[in-house]
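J.:
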Amino acid sequence: MYNSFLLLYDVDGIIIIIIIIIIIIIIVIIIIIIIIIIIIIIIIIIIIIIIIIIIIIIIIIIIIIIIIIIIIIIIIIIIIIIVIIILILIIIIIIIIIINNNNNKNINIIIIIIYIQTDRQTDRQTDRQTDRQTDRQTDRQTDRQTKDRQTDRQTDRQTDI
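So the sequence shown is numbered by the UniProt record's numbering: it starts at 1 and just counts up by one.
#1: Quick check: what's the CA-CA separation for Ile36 versus Ile24?
#2: Taking the C-alpha atoms as reference points, what is the distance between Ile44 and Ile15?
#3: With a threshold of 7 Å on Cβ separation, who are the neighbours of Ile40 within its own chain once the five nearest residues in sequence on each side are excluded?
#4: Looking only at its chain, what residues have a beta carbon closer than 7 Å to the beta carbon of Ile19, apart from the 5 residues adjacent to it on each side?
#5: Have a look at Thr142 and Asp135 and give me their C-alpha separation to the nearest angstrom.
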């Protein structure tokens, strides 16, 4: 009996050892699964962080490009305004020089404005005006000539009398 009891004890011991080994294997598998899940979660979090960083970098790049474009436009506008101001100042200086020169020489102020006229009607109007002026001048001349002739005749008559 004693021998059979030892056999049972040995069988029970082996079963307990097998159960302990199975429990250890299950615990190891659970730990491995938990570690794998944690690693997957960490990888997903890292991927999400990388995507967010990439999106933020893209947004920052777009904002920088927009700011650069706005700065370039502002610089161009400032340059155009400066050029216009310089041109206006140059024109004012030229007019002042012309006025000073003309005042020094006691000549009337002459301001020359050049217009490029593409409209035919304005050309026609100026032509009409010049025609009228020349007509008036010739009329005055003929009037003078006729008056001169009349006075000559009158003086001739008076001398005849």
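In this text, a Cβ means the ideal position worked out from N, Cα and C, and glycines have one as well. Note that the structure is predicted; figures quoted are calculated from it, not measured.
T.: With the given structure in hand:
#1: Here the alpha carbons of Ile24 and Ile36 stand approximately 18 Å from one another.
#2: 42 Å
#3: Contacts found: none.
#4: No residues qualify anywhere along the chain.
#5: Their Cα atoms are separated by approximately 10 Å.
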